[in-house]
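Using the working numbering, the letters of the sequence shown map in sequence onto residues 4 to 519. The structure appears below as C-alpha cells.
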Amino acid sequence: MKKFLLSCFLALGIGASAQYNYTADPSTDPAVIYFAVAPTTVASACLGNGVSQVSKAGATQVGVGVNLTTLTANTPSQTNNGQAATVSVSYKKSGTGTGTLFLVYFDTAAGGTTWNVNTLASVEITSSAVTACQTLTATIPAGTLMTDGSKDYAYGYFYVRSAGNATITTADYKIVQDVVTTPPACTTITSPANGSVITAGQPTITWAAAPTAVSYKLTIGTTSGGSEVFSGNVNGTSYSFPATVNTTYYAKVVPSNSSGDASGCQEISFSTNNSVSYCSSSGPASAQFEKITNVSFASINNASQGSTTPYPPGYEDFTSVVGDVTKVNSYDLVIKSDRVYAGDFILAFIDYNNNGSFADTGELVANIPVTANSTAYTSAPNSVSIPNTATEGSVRMRVLIYDSNAAYSPTLPTSSCGTATYGQVEDYTLNISPTLGVSDLSKSAISVYPNPFTDVLKISDVRGVKSISVNDMTGREVKSLAPSAELNLSNLKTGLYIVNLKMEDGSVKSFKAIKK
C-alpha cells in the first residue's frame, strides 16, 4: 500500500452490534472529516447526497474520511470487530484537471489529528469529465483495524492532482464488516523453520495470516511451553525478539478473534549458534561527505580512507579490529573526519549484552554534535565507562557519522540502523574482560598499597602514568587525579573502587582497591 501523511483541515465531531455496516452522507454526517479544502454540498450526487472539493494549484491534495471512532461514539451499534471490511465510495469529476483518485483508509494514534493515508484502490482521472457516478470498492484485510483502542480509523477518498483544475464530487461512503461466529483456525510459523539453527541477535518470527484472526497470542520460552522470553498479543504476522547465542527456543502462535482463540496450535523449536547478527546501517557509496578517517578507542587506533577517491563504501566492516577493555574502566573515544559540517552528528554504540541490538538502555555511548564545518575534524575525547554488567568476551561496537537533516537521515539521530544520504558507518569488535581482583595486583609491575587503605592510597611507580581516575563499581568516575605516588582519597565512602592508571602509551592499568 502507498502511504501519505496529512493533517485534518476541518473536523465535524471527534473512539453493540458486532461490526460496522454503515453508509455515510458526507455532507451532514458528524463523523466526516475534510482534508485540505472545505467542501460544497451536492444534493443527490449519486444514490445520496455528496460533497465537492476543488483541486488546483495550491490545493493539490484533497480528501474526505468518515471517522470510525466518532461513528461508534454517535452510534454504539457500529462497532469494530477487527474483521475484514469492504469499503466503497462513489465519485464524479468535472473540469479538465488530471490526477489519481484513491480509495483509502486513514489511521492515527488515538485522538490524533495527523493521519496516515493507506491506499486500497485507485483510478486515474483524465482530462475528460466523469458525469455518471462511478464506484471504487476494496477490502481492508482482517486484523488491520485493531480493536485495542490504540488507533483511530477512518475510510474515504484521497485525490492527488497532476495538472489542471478538477472538481471531485463524492458520495455514498459505505463500509460493511464481516461477521464471525467461530474462532479462527491455527496458523503455521513460516520462519524460523522447526528444528533449524539460526544466528542470535534479533531474529524475527513470522507466520501466515489466519482468515478471521484479529490478533495472535505469541509465546516464546527456553523450555517447551515456556513464555518467559515473551508472552503477549501481536497485531500482524511477525515479531522480533532478542535471542542469545547457543540457546534453544520454543515458540507458539495462537490466532484469536472476538469469538475466541484457535485450539490445538503446534509449538516449534529452533536454536541459535554462536554468531550474532545486526541490523544494517549505512551511508552512500558515492558521496564524499561525512566520511570517517580514524577511530581511536582503548587499543583500537584504526585509520580508514575518508573522502578520497574512489569514495569508500557507506559501511565498512572492521570487526577484525579488536579493542581490549575491562569492566568498570573508562576509555576515551576519539573520531576523526576529513569533511564534516555544522549540524552533523557522530554516534557510537556498544552492544554490552551481546543481544544483536544497540537499542538497550546505556548502549548509546557517544552522541557528539558537530558545531562547525571542518576538513580536519577531531572530536573531543568522549569518555566511555564499561559497565560491570557488560557481557564478557566479544561484543560489537558501531561508530557512525551522518548529516542530521531529516531528509537525508530519516531514521537517525539516535538509531543505529537505517541509511543516511550523507554519512558512514564502521563496526568494530570489543573484547570485554572482567575487573581485576585484589589478587591480580601481583601480576603487574606497578602495585597499589596498602590495600585495604584508610585515606591515602600509594602507587609504587608513577613513571609513564599520564593521568589517574577512580571509578565506583557502577562504572561512574568519582575522582580524577594528576599522577602522584600518593592519592588522597579521604572524601570517598567506604567500599570497593577501581583505580585506573592511564599510561602515556595509551594503555590502562586497573586495580581494585578497598577503602576501609
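C-beta: ideal position from N, C-alpha, C; glycine also.
Taking all protein chains shown into account, do 16 or more other C-beta atoms lie within 10 angstroms of the C-beta of residue i, making it buried, or fewer, making it exposed?
i	result
LEU403	buried
LEU50	exposed
SER131	exposed
ASN121	buried
GLY224	buried
GLU319	buried
SER299	buried
PRO455	exposed
GLN86	buried
GLN269	exposed
ARG479	exposed
LYS519	exposed
LYS96	buried
LEU484	exposed
ALA60	exposed
GLU366	buried
GLY359	buried
THR422	buried
ASN236	exposed
ALA27	buried
ASN260	buried
THR364	exposed
Just to confirm my understanding: we take residue i, look at its own chain, exclude 5 residues before and 5 after, and list those with CB closer than 6 Å. What are they?
i	result
GLY68	ILE36, PHE109, ALA157, GLY159
GLU507	GLY467, LYS469
VAL179	ASN24, THR89
ASN238	MET149, SER218
VAL473	VAL481, LYS482, TYR500, VAL502
VAL45	GLY53, SER55, THR172
GLN2	Only positions 4 to 519 of the chain appear in the structure, and residue 2 is not among them; the question remains open.
ALA174	ALA48, CYS49, GLY51, GLY53, SER93
SER521	As shown, the chain starts at 4 and ends at 519. That puts residue 521 outside it, with no answer to give.
PHE292	ARG342, TYR425
VAL368	ALA351, ILE353, VAL387
ASN521	Residue 521 falls outside the range modelled here, since the chain spans only 4 to 519, and no answer is possible.
PRO258	PRO187, THR190, ALA213, ALA216, TYR219, ALA265
Leaving out five residues before and five after residue i in sequence, what residues of the same chain have Cβ atoms less than 8 Å from its Cβ?
i	result
ALA112	SER153, LYS154, ASP155
VAL459	GLU489, LEU490, ASN491, LEU492, SER493
PRO214	ALA145, PRO187, ALA188
PRO416	Caution applies to PRO416, whose pLDDT of 49 falls short of 50 and renders its modelled position unreliable; the value that the coordinates give is listed next. Hits under 8 Å: PHE348, LEU350, ASN370, TYR405, SER407.
GLY309	LYS294, ILE295, THR296, PRO315, SER340, ASP341, ARG342
ILE517	VAL441, ASN454, PRO455, PHE456, GLY498, LEU499, TYR500
PHE273	PRO195, ALA196, ASN197, GLY198, SER199, VAL200, ILE201, THR251, TYR252, ALA254
LYS496	LYS518
Spatial neighbours of residue i within its chain, please: C-beta separation below 7 Å, excluding the five flanking residues on both sides.
i	result
SER445	At SER445, the pLDDT of 40 sits below 50, so the modelled position is not reliable; the number obtained from the coordinates is stated separately. For SER445, where only same-chain residues beyond five positions count, there are no Cβ hits under 7 Å.
ASP443	Confidence at ASP443 is low in this model, with a pLDDT of 47, below 50, so the placement of that residue is unreliable and no value is reported for it.
VAL65	PHE38, ALA39, VAL40, GLN56, SER58, TYR162, ILE171
ALA62	ALA39, VAL40
VAL428	SER284, SER285, GLY286, GLY317, TYR318, ARG401, LEU403
ASN357	VAL279, THR394, VAL398
Check whether the Cβ atoms of residue i and residue j lie closer than 8 Å to each other.
i	j	result
SER55	THR172	yes
THR222	ALA188	no
ASN83	TYR23	yes
SER262	VAL183	yes
ILE303	TYR405	no
PRO33	THR78	no
SER355	THR394	Correcting the residue type first, residue 355 is Tyr in the shown sequence and not Ser. Contact flag set, yes.
THR328	ILE371	One detail in the question is off: residue 328 reads as Val in this sequence, not Thr. No, the Cβ-Cβ distance between VAL328 and ILE371 is not below 8 Å.
VAL256	THR275	no
ASP475	GLY498	yes
GLY326	ALA306	no
THR374	ARG342	no
ALA569	LEU106	Past the boundaries of the shown model lies residue 569; the chain is included only from 4 to 519, so the question cannot be answered.
GLY98	ALA196	no
THR296	SER230	no
LYS220	ASP181	no
LEU504	LYS512	yes
GLY396	ILE435	yes
THR597	SER199	Shown here, the chain extends from 4 to 519; a query on residue 597 therefore has no answer.
ALA212	THR193	no
LYS330	THR438	yes
Report yes or no: is there a C-beta of chain C within less than 8 Å of the C-beta of residue i?
i	result
THR138	No chain C is part of this structure, which consists of one protein chain only.
Minimum length 3: unbroken beta strand (DSSP E) runs contained in the region 42-123: 43-45, 53-58, 64-70, 88-97, 101-112
Three CB pairs or more closer than 8 Å across the region 325-334 and the region 274-284: no
Validate contact between the region 204-219 and the region 269-281 using beta carbons, cut 8 Å, 3 pairs: yes
Segment contact, 8 Å Cβ cut-off, at least three pairs: the region 226-244 with the region 310-326: no
Any beta strand (DSSP E) of 3 or more consecutive residues that is wholly inside the region 284-319: 295-300, 303-306
Alpha helix (DSSP H) runs contained entirely in the region 135-185, provided each spans 4 or more residues: none
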